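Student:
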Amino acid sequence: MKKELLEILEQGDSHYSENLETPFNDNPQKYTQSEKVELIQSKVKDILEILGLDTNDQSISGTPYRVAKMWVNELFYGLSHDRKPSVSKFDKSYDYQEMIIEKNITVYSTCEHHLLPIVGKAHLAYFSKKQVLGLSKINRLVDFYAKRPQVQERLTTQIANEIKKTLNTKDVACLIEAKHLCVNSRGIKDINSSTITSQFYGAFKEQDKKVEFLQAISLETEF
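Residue numbers (my numbering): 975 to 1197.
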């Protein structure tokens, strides 16, 4: 037992993951949504009581249920495969050969190390072959992968890979800039720093295409 505890403590400060996929356990669909809410509610109540709070107090008595429902139905709905958004694709019936860019997509995720918010913007671009994506569907895919405990590097890659797979194209770029509240509100408490991650595939590995993309997402817009 002491050896196992020591191993856990040694791993506690490790923020590195070799896995580009979300680290699900052997049976991620073991419980229904309602069962998850009920079980998590019980655990949150235990945590609040361990912290010394009176869970019978009028203001706190509903907190375990609210937290459980929020985790299952909102913040972590991206862990449920059946809630993955359908993606509308359209045949490219016009002669457009340049990159398509969707920028300033809101990212609201949760750091898997401290379960604190990650807040920022995602920028995506691709060269279409035969099909293009419905614009709102890109936003929905970003939100789906963001709504699970994440590390920003993995989130960036998962989004880019999903666009590649959906459109059957290798020419995809994804860049995310975000603030991590595990840095901003605890530890060093640096409220000004942000983290940038990027994934470039295909044509976007070429310097001119990469520069064009980076310049486009840095343009100021008035709407």
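Idealized CB from N, CA, C, for every residue including glycine. In this text, all values refer to a predicted model and were calculated from it rather than measured experimentally.
In the DSSP assignment, find the unbroken beta strand (DSSP E) run with Q1173 in it and report its ends.
Tutor: Looking at the DSSP string, the run of the beta strand (DSSP E) that includes Q1173 is 1169-1174.
Student: Determine the extent of the alpha helix (DSSP H) in which K1139 is found, giving its start and end residues.
Tutor: First-last of the alpha helix (DSSP H) with K1139: 1126-1141.
Student: Sort T1037, Y1100, S1192 by Cα distance to E1071 and report the nearest one.
Tutor: Checking the sequence shown, residue 1071 turns out to be Gln, not Glu. The shortest Cα separation from Q1071 among T1037, Y1100, S1192 belongs to Y1100.
Student: Taking a contact to mean a Cβ-Cβ separation below 8 Å, would you say E1076 touches I1112 in this structure?
Tutor: Closer than 8 Å, so yes.
Student: Could you check where the alpha helix (DSSP H) with L1090 kicks off and where it finishes?
Tutor: Segment: none, L1090 is in no alpha helix (DSSP H) and carries neither H nor E.
Student: In the DSSP assignment, find the beta strand (DSSP E) that holds Q1105 and state where it starts and stops.
Tutor: Note, Q1105: beta strand (DSSP E), 1105-1107.
Student: Determine the direct distance from the alpha carbon of H1097 to that of R1122, and round the result to whole angstroms.
Tutor: When rounded, the distance between both Cα atoms is 19 Å.
Student: Using the Cα positions of K976 and I1014, report the straight-line distance between them to the nearest angstrom.
Tutor: Residue placement at K976 cannot be trusted, given a pLDDT of 44 that sits under 50; the coordinates are not used to answer.
Student: Compare the Cα-Cα distances from H1088 to each of R1057, V1125, V1106 and report the closest residue.
Tutor: Per the Cα distances, V1125.
Student: Below 8 Å, how does it come out for the segment 1029-1043 and the segment 1053-1069: are there three or more Cβ pairs, yes or no?
Tutor: With a cut-off of 8 Å, the segment 1053-1069 and the segment 1029-1043 do not count as touching, because too few Cβ pairs lie within range.
Student: Can you give the Cα-Cα distance for L1115 and L1022, rounded to whole angstroms?
Tutor: Using only the alpha carbons, I get a separation of about 34 Å.
Student: DSSP state of F1064, grouped into three classes?
Tutor: It is a strand residue.
Student: Could you check how far apart the C-beta atoms of T1084 and L1049 are, in whole angstroms? I think they sit under 8 Å.
Tutor: That pair is a contact at about 6 Å.
Student: Could you check which residue in R1128, G1094, N1142, I1074 has the C-alpha nearest to that of L1109?
Tutor: The residue with the shortest Cα to Cα distance from L1109 is I1074.
Student: Kindly provide the ranges of any alpha helix (DSSP H) runs that are 4 or more residues long and lie completely inside the segment 982-1053, ordered along the chain.
Tutor: Counting whole runs of 4 or more residues, the segment 982-1053 contains the alpha helix (DSSP H) stretches 1007-1024, 1037-1044.
Student: In whole angstroms, what separates the C-alpha of A1190 from that of C1156?
Tutor: If you take the alpha carbons of A1190 and C1156, they lie about 30 Å apart.
Student: Leaving out five residues before and five after K1058 in sequence, what residues of the same chain have Cβ atoms less than 7 Å from its Cβ?
Tutor: Hits under 7 Å: F1118.
Student: So, are the CB atoms of L1149 and L1107 less than 8 Å apart?
Tutor: Contact flag unset, no.
Student: What is the residue span of the beta strand (DSSP E) that A1147 lies within?
Tutor: 1146-1154 is the extent of the beta strand (DSSP E) around A1147.
Student: If distances are taken between C-alpha atoms only, which option among A1120, E995, K1183, Q1105 comes closest to I1092?
Tutor: Nearest option by C-alpha distance: A1120.
Student: With H, G and I counted as helix, E and B as strand and the rest as coil, what does DSSP make of M975?
Tutor: Reliability of the predicted coordinates at M975 is poor, the pLDDT of 41 falling under 50, and no value is obtained from them.
Student: In the DSSP assignment, what are the bridge partners of P1123?
Tutor: In DSSP, P1123 forms a bridge with T1084.
Student: Within the 8 Å Cβ cut-off, does R1057 reach chain D?
Tutor: Chain labels in this structure do not include chain D; a single protein chain is all it has.
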